[in-house]
Structures are given as C-alpha cells and as structure tokens.
C-alpha cells in the first residue's frame, strides 16, 4: 500500500513539474513574441513618421522650387 502511494505521489510530482515547465515555456514564447511585435511596431511607426516627414520636406522643397521658377 505504501509503495502504491509513493508511486502515485511521484507521478503527481512529475505531472506537476511537467505542467510547470510547459507553462514556463509558454510564458517565454509569449514574452518573446510580445517583445518582437513591439519592436516591429515601433520600427513601422518610426519609418512611417520619418517617411511622412521626408515627404513633407520634399513637397515643401518642390513647392519652393516651383514658386521660384514662377517668379523668374
């Protein structure tokens, strides 16, 4: 009887350890995915803002050239 209890206890401990390891792996994967997604979104946002800023500068420069050409 004691041997059966020891086996069931050991099986339960192993099962709990396996669940804990799975949970830790899942947490690490989720964290890495979140960090990668955040970095990607920051890059996309900064590129979009930078692209918009460059576009506005180019439009301003083009407008200034156009106005200068009309004045001449």
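Numbering (this note's numbering), first residue to last: 13 to 84.
Backbone N, C-alpha and C fix where the C-beta goes; we use that ideal spot for every residue, glycine too.
For residue i and residue j, what's the separation of their Cα atoms in angstroms?
i: residue 31; j: residue 48; result: 26 Å
i: residue 40; j: residue 55; result: 22 Å
i: residue 58; j: residue 36; result: 33 Å
i: residue 20; j: residue 27; result: 10 Å
i: residue 53; j: residue 25; result: 42 Å
i: residue 61; j: residue 50; result: 16 Å
i: residue 38; j: residue 44; result: 10 Å
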